[in-house]
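Chains as they are written, first to last, in our numbering: chain S, -19 to 733; chain B, 510 to 804; chain R, 30 to 188.
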C-alpha cells in the first residue's frame, strides 16, 4: 500500500491549476454568465409559513412593462414519487418538485409560489408585486414537539409514517421511523456503574456558502435545453430538472460554472426548473440569481435535532449499553438526514448492547438539504458530550476513555459492515501526544475533546485522459472543483503517468462532454473520481506499452512502464531507447491515433474517516461570551494527495463547526418567519473570532484506493460541536447540552451552576 | 430599490436652495452621506425617497479639524478618516473605538458619524460615545445654523430632531482638558460585524485630588434611542471609582435602561449586560484619566 | 431619468448611463463586464464586492453608481499587472488560502488596502481588518498566513 510507495508528486503542495483565475477575479461563477437577449427572473415567495393557496392571478403581472413570462405551479407537471439516487441529500422526486414551486399549499415562509421573467430585474421585481395570491393561512408547526403533538396541524395531509412495524393508522407529521439495535439493552444498563442520560438539542443552521444560487436557462423550440449554473453536480441538476419538467434527460445539457461553496447545499435544484420554464414560455434565455435573504429563507438548512441519549459505563470506562432516540427536522418535506445520523451516533465505539431510533419529522421550515456529513454533527454532539461527562465522572482522561472503547480494524460497525484499516486509534494517540493536549491550560480556560466520524462514499465517476501531441495531458472529468480537486486530479494523473504536475491540466466538463459522475459530495471526489483518473491514466499506459511493443516487434509482456516511459523489460533482447509519453504522443498519427484513456466506475471501498478535535475555550463569567483560544483538528486522510487542501478541509470544517456550536441558528417569529435572514444576524464566524486552526494529518492508507485515499471533506465538521461544548462546559463549570452556546444561554447556565 | 432622482450639490448654498425647493415641491427627500445604512434600507424597501441629496460634495460636511478648543467632524466624513485623525485617536480613544466598531473596514471607508447619528439606531455604536463626550450637532436650517446636544438629537427608533428641510452639517465637541478620559464598549456575540446588544460610553474628568469631578455615562441599545444616564454619572461624582461606586453607577444604569426583547437579546439579558459594561467602561475611562492620554 | 457618469476604473476613463438606483457593483458587473467583484449579500456584510473608491475601501454594493462621477474606482481586475500577480495573490495561491475562491477577489482588494496602510500588521490586526470579508471554506487560517507572508515579502523580508 501507499506506505511502501515512493511518491514523486503526490503529497507535494503545488499551485492549483485554476488558481490564477480565482485570485484575479477572472473565474466565472454562477451569476457571472450571460447570454444575448437574456431576461432576468425573480421568484414570488410565500409570506406565510403554512397556508392553502386559494387562487393565483398573474394577469396584471403579465401585462406589466418588460414582463415576458410568468409561471406558477400550474405550469409544471405532476411528478410521481421516486427515490433520488446518488445525491447526498437523498429524498424523493415528487417532494423535490413540490419544493421547487408550491402547488395547492405553501409549506414554509419563502416557499416559491410564482416566478417572473422580464427585461430587467427591477421590472421582474415590480411584476412580482402585481401577482395576486389568495391564501388561507394555517397554523405553523415550528418545532419537533409541536409537530409530533397529538392533533398537530398536518403539513402533508397524506403523509403516512413509513418504517413502522404496522402500517400507520392515520396521517401525521412523522415521515419515517428507523430502528436498529443489538444485544440486551437493559442487561447492559444493569451492568453499568455510571449512566449518563440527557437530552441534547441543536438548532436549524445553514451551510452559509458565500455565493448565492444562480443559473441561466435557455429552452429551444426543439425542446432541447441548456442550463448554466453553480452546482455540486451537473448530472444531478440534469436528472432533477428533467424530472421536475417532465423532460427526457438527454434533452437537457448542464454546464457547471465555478462554484462559490456548497457544503451539500448545492446538491439539489431550486431555480433551475423555474428558469427553464420561464425560458420556454418567453423564448428567451433567463437568468435567475437569489438574494442572500432568499438563500436563507428558501434553501437548505441543516436539520435541527433533539437527541435523547442514554449511555452506560462500567467503572473502568467500558460502554455497557447505549440508547439514542433521535428526532430530526426534515423541514416542509420528508428527507432529513436522520438515517445517517442513526448510523453515525455510536459508530466510533464498540457497543454490544444498543438501541437507536430515528424519526424524520416535518415542520414548516425550508426543506432540509445536505450539509457536510449530513446528520452526523448533531449525532456526535450528543455522544461526544456524554463521553466527556462520563470521563469526568469516572475520573478517566477523556482520550483514554475513548481509546478503551474505540473501534478498530475487524470490528463490526454498529451499522453493519466490518471496518477495514481505520485511523481512530491513531488519531486518539496523536491527540494525547499533541502539544495542545499536553500543555497547561491558561486560567479559566476549559479544554474539550471530541471524536468525529463520517462514512465517506464512492458512487459513480468517469474520467478521460487525453495526451496532447507534445505529451502534455488534459484530464476531463465531471465534478465541479469546490476546494482544489483539480489539483488533486492533476497530482494523481501526473503520479500515475510519471509526468510533471505542471504538464497536466484538468477540465471540469459539462454533461455532454464528461462521462457521468455523481455529485461532488460525500467526500467522494478525490477518492472515486480520483480513482477514475488513475484508471484512465493506466489505460493510457497500457496503450503506450502496446504501441511500443509493436514498434519494437516484441510482445506486450516484454515491455514495462517506468518513470514516465515504456522500457524493454530488463534482460529482454531488444535494442531500444525508452519511449516517453511525449515520444508516443508525437507519433500518434503513425501509430494508431490519439492517445485517449478512459475509465468509468462505481467506486467501492471508500474508507471511513475518523477525527479527533481539541478545543480550548474561555467563558466570560459575567456575560456568557465564549472565546475559542486554541483549536486542533487531527484526522485520518488515508493519503493526503495535496496536504494543503486537506489541511484546508480540516480548518474550514472546524470553523463551520465552531459557528454551529457558538452562534449560528435560525431565529423564528411565533408565526414562522425567520428573523435573521442575513449575514448580519445569522452569525457565521469572522476572522477576528478565531485562532489559527492547528492540523495534524494522520495517514492510515485506504486499501480501496490505488494511492490510499479516503475522503476528508465532511468528517472535519463532525467533532467541533462537542469539542467546543465540552470546552465551554469545562470553563463554565456546567454541562451545556443545547446549541448554540450563545451568550444568553451560557449566562443562564452559569446562573444555575 | 424604488426609483428616485439623484443630485449632489457642491456648496452649502446650493444644498440649502435644493432643500428648500424640494420642501416646496413636497418631494420626499433623503440626505445621503456614506449610505451604508440608507442603501440597505432602500434595498429592503424600508425607505423610498423621491430625491437623494448626496452631501459629500459640500465641503463643510467633509471638515475634520480642531477649531480653537473645539473638535469639528463634518457629517459626511467617513469613519476610517475620522478614527485616524490624530486628535480623535489621542483625546477621544473611546470615540475612536466606537467608530472602529462600525461595520467592517469596508463599511468604515464610507459610513459617516453624521449618518450613524441621523440613522438613530438604538444600537448605533458612535451615539453613546458622542453623547458621553458632550458632542453637539450643528444643523443647517433654512435660515442659518442651529446646534443641539447629541442626546437631544436622537428622539426615537430611527428618529431624529431634524425638521423638514434641515440637514446635519457637523458634530463638534470641546477638546477635553487634563485628567479626563473616555471609553466605549459594546457587547456582541461575535468580535466584529455585529450589532450592539448593549453599548456604553463614558467620559470622566478628575479634580486635582483624583476625585471624579464630572461623569457622563451614555447607554445604547437599551432604550428606543441612546441616552445620557445622568443618575449613573451622578453616582460616580465625588468618588474615586471605588468598587462600590462602580456598583452604584451600574445599578443606576440598569434602572435607567428600558430594553426590549428581540432576536438580538432579551430585555433581562440586556439589562444585566448593561450593568457589567458600565463597570468595565468606567474602569477603562478612569484608567485613561490618570494616564497621559488626554491632551 | 438615466444618469450619465464619467469616472475612472482601474486607471481608465469610462462612462456609462445608469438609473440612479443602480449600484456601483451592478455597473461594474453588468455595464463594464468586470465580474471579479461578487455579490454575496448585497448588504455590506460579506465583503465579496470590495473595491476602492478614491482610495477608500468600500463595498461596491452600497455605493450608487452615480456617486462615482469624477472619482476613481479600483477593482480586483486592476490588482495584477500583465507580468505578475500581486504578492498577495501569489501567497494566497502558495498557501492554499482559497478553496471555492468566490470570496478571494474581495479579500485581495481589502488586504491590499490594509498593507498599503500598515506594511507590518500583526496577526490580530489582519484578522480584525478582514473581519468584514466572510469566507466559509478555509476557516481563515491560510488566508491570514498568506497576508502575513505577502506583507513580509513586500517589506523585503524572506516570507
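In this text, a Cβ means the ideal position worked out from N, Cα and C, and glycines have one as well.
Residues in the same chain with beta-carbon distance under 6 Å from residue i, minus the five sequence neighbours each way, listed in chain order, please.
i	result
residue 36 of chain S	52 and 113
residue 46 of chain R	31 and 33
residue 32 of chain S	85 and 116
residue 155 of chain R	173 and 176
residue 804 of chain B	Annotation note: pLDDT 38 at residue 804 of chain B (below 50); position unreliable, coordinate value reported separately. Only 599 and 600 meet the Cβ criterion.
residue 514 of chain S	472, 476 and 686
residue 373 of chain S	174
Looking only at its own chain, which residues have a Cβ that is under 8 Å from the Cβ of residue i, when we skip the five neighbours before and after it?
i	result
residue 203 of chain S	227 and 231
residue 434 of chain S	324, 353, 356, 503, 588, 589, 691, 694, 695 and 698
residue 802 of chain B	Any reading at residue 802 of chain B must be qualified, since the residue scores a pLDDT of 44, below 50, and its modelled position is unreliable; the value itself is stated next. Excluding residues within five positions, the ones whose Cβ falls inside 8 Å are 599, 600, 602 and 690.
residue 78 of chain R	54, 66, 67, 68, 69, 88, 89, 90 and 135
Could you round the C-beta distance between residue i and residue j to whole angstroms and report it? I think they count as a contact, below 8 Å.
i	j	result
residue 713 of chain B	residue 690 of chain B	6 Å
residue 607 of chain S	residue 723 of chain S	That pair is no contact at about 11 Å.
residue 563 of chain B	residue 516 of chain B	7 Å
residue 224 of chain S	residue 134 of chain S	About 24 Å; that fails the 8 Å criterion.
residue 331 of chain S	residue 299 of chain S	5 Å
residue 247 of chain S	residue 23 of chain S	About 20 Å; that fails the 8 Å criterion.
residue 529 of chain S	residue 536 of chain S	5 Å
residue 754 of chain B	residue 744 of chain B	6 Å
residue 106 of chain S	residue 44 of chain S	6 Å
Looking only at DSSP bridge pairs, what is residue i linked to?
i	result
residue 723 of chain B	B:714
residue 595 of chain S	S:428 and S:611
residue 537 of chain S	In DSSP, residue 537 of chain S forms no bridge with anything.
residue 288 of chain S	S:179 and S:305
residue 416 of chain S	Answer by DSSP bridge pairing: none, since residue 416 of chain S is not bridged.
residue 582 of chain S	S:440
residue 37 of chain S	S:112
residue 669 of chain B	B:663
residue 516 of chain B	B:562
Starting from the C-beta of residue i, find all residues in its chain whose C-beta is less than 7 Å away, skip the five residues before and the five after it, and write them out in chain order.
i	result
residue 733 of chain B	631, 665 and 666
residue 472 of chain B	An answer regarding residue 472 of chain B cannot be provided, because it is not within the stretch 510 to 804 covered by chain B.
residue -2 of chain S	7, 461 and 466
residue 684 of chain S	584, 585, 586 and 587
Would you mind telling me which residues of chain A sit closer than 7 Å to residue i, beta carbon to beta carbon, in chain order?
i	result
residue 695 of chain S	As a matter of chain content, chain A is missing from the structure shown, whose protein chains are S, B and R.
Exercise for review: Evaluate contact between the segment 479 to 497 of chain S and the segment 451 to 458 of chain S, counting only Cβ atoms and requiring at least three cross-stretch pairs below 8 Å.
Suggested key: With the cut-off at 8 Å, the segment 479 to 497 of chain S and the segment 451 to 458 of chain S touch.
Review point. Between the segment 202 to 217 of chain S and the segment -17 to -7 of chain S, are three or more C-beta pairs nearer than 8 Å?
Key: Short answer: they don't touch.
Practice item. Taking 8 Å as the threshold, find out whether the segment 664 to 683 of chain B comes into contact with the segment 584 to 601 of chain B through three or more Cβ pairs. Key: With a cut-off of 8 Å, the segment 584 to 601 of chain B and the segment 664 to 683 of chain B count as touching, because enough Cβ pairs lie within range.
Practice item. Count the C-beta pairs between the segment 286 to 298 of chain S and the segment 366 to 373 of chain S that are closer than 8 Å, then say yes if the count reaches three, no if not. Key: They touch, by the three-pair rule.
Practice item. Could you tell me whether the segment 53 to 63 of chain R touches the segment 770 to 777 of chain B, using the rule of 3 or more Cβ pairs below 8 Å? Key: The segment 53 to 63 of chain R, when compared against the segment 770 to 777 of chain B, does not touch it at the 8 Å Cβ threshold.
Practice item. May I ask you to list, following chain order, the residues of the segment 322 to 356 of chain S that have a beta carbon less than 7 Å from some beta carbon of chain R? Key: Close to chain R, meaning a Cβ-Cβ distance shorter than 7 Å, is no residue of the segment 322 to 356 of chain S at all.
Practice item. Compile a chain-ordered list of the residues in the segment 213 to 244 of chain S whose CB is closer than 9 Å to at least one CB of chain R. Key: Result list: 238, 239, 240, 241, 242 and 243.
Review point. Using Cβ-Cβ distances below 7 Å, what residues of the segment 689 to 701 of chain B are close to chain S?
Key: Taken in chain order, the members of the segment 689 to 701 of chain B whose beta-carbon sits within less than 7 Å of a beta-carbon on chain S are 696, 698, 699, 700 and 701.
Practice item. Give a yes or no on contact between the segment 515 to 524 of chain S and the segment 470 to 479 of chain S, applying the rule of three or more CB pairs nearer than 8 Å. Key: Verdict: yes, contact present.
Check your understanding: Looking at chain S, which residues of the segment 158 to 181 of chain R have a Cβ within less than 9 Å of any of its Cβ atoms?
Key -> Of all residues in the segment 158 to 181 of chain R, 158, 159, 160, 161, 162, 163, 164, 165, 166, 167, 168, 169, 170, 171, 172, 173 and 174 have a Cβ within less than 9 Å of some Cβ in chain S.
Point to revise | Where the segment 592 to 608 of chain S meets chain B: residues whose CB sits under 8 Å from a CB there | key: Taking 8 Å as the Cβ-Cβ cut-off against chain B, the residues of the segment 592 to 608 of chain S that qualify are 602, 603 and 605.
Point to revise | Against chain R: residues of the segment 587 to 603 of chain B by CB proximity under 7 Å | key: Correct list: 587 and 589.
Exercise for review: Decide yes or no for the touch test of the segment 269 to 288 of chain S against the segment 340 to 352 of chain S: beta carbon pairs closer than 8 Å, at least 3 of them.
Suggested key: Contact holds: three or more Cβ-Cβ distances are below 8 Å.
Check your understanding: Pairing CB atoms from the segment 589 to 599 of chain B with CB atoms from the segment 529 to 539 of chain B, are three or more of them under 8 Å?
Key -> Too few Cβ pairs lie closer than 8 Å, so no.
Check your understanding: For the segment 383 to 392 of chain S against the segment 403 to 415 of chain S, are there 3 or more C-beta pairs whose distance is under 8 Å?
Key -> The segment 383 to 392 of chain S vs the segment 403 to 415 of chain S: in contact.
Exercise for review: Determine contact between the segment 621 to 632 of chain S and the segment 119 to 127 of chain R, defined as no fewer than three beta-carbon pairs at a distance below 8 Å.
Suggested key: Segment contact: the segment 621 to 632 of chain S against the segment 119 to 127 of chain R, three or more CB-CB distances shorter than 8 Å; contact assigned.
Review point. Using a beta-carbon distance cut-off of less than 7 Å, what residues from the segment 666 to 684 of chain S approach chain B?
Key: Residues passing the 7 Å Cβ filter: 666, 668 and 669.
Practice item. Mind checking the segment 606 to 635 of chain B against chain R and listing, in chain order, the residues whose C-beta falls within less than 7 Å of any C-beta there? Key: Within the segment 606 to 635 of chain B, the residues whose Cβ lies closer than 7 Å to some Cβ of chain R are 612, 613, 614, 615, 616, 618 and 619, listed in chain order.
Practice item. Name, going along the chain, the residues of the segment 98 to 117 of chain R whose beta-carbon falls closer than 9 Å to a beta-carbon of chain S. Key: The segment 98 to 117 of chain R vs chain S, Cβ under 9 Å: 104, 105, 106, 108, 109, 114, 115 and 117.
**Study point:** the segment 132 to 149 of chain R / the segment 614 to 621 of chain S touching (three or more Cβ pairs under 8 Å)
**Key:** Contact between the segment 132 to 149 of chain R and the segment 614 to 621 of chain S is absent, because fewer than three Cβ pairs lie under 8 Å.
Check your understanding: For the segment 605 to 614 of chain B against the segment 98 to 111 of chain R, are there 3 or more C-beta pairs whose distance is under 8 Å?
Key -> The count of Cβ pairs closer than 8 Å, one atom from the segment 605 to 614 of chain B and one from the segment 98 to 111 of chain R, stays below three, leaving the stretches out of contact.
Check your understanding: Is the segment 656 to 669 of chain S touching the segment 702 to 709 of chain B in the sense that three or more CB pairs, one from each, lie closer than 8 Å?
Key -> With the cut-off at 8 Å, the segment 702 to 709 of chain B and the segment 656 to 669 of chain S touch.
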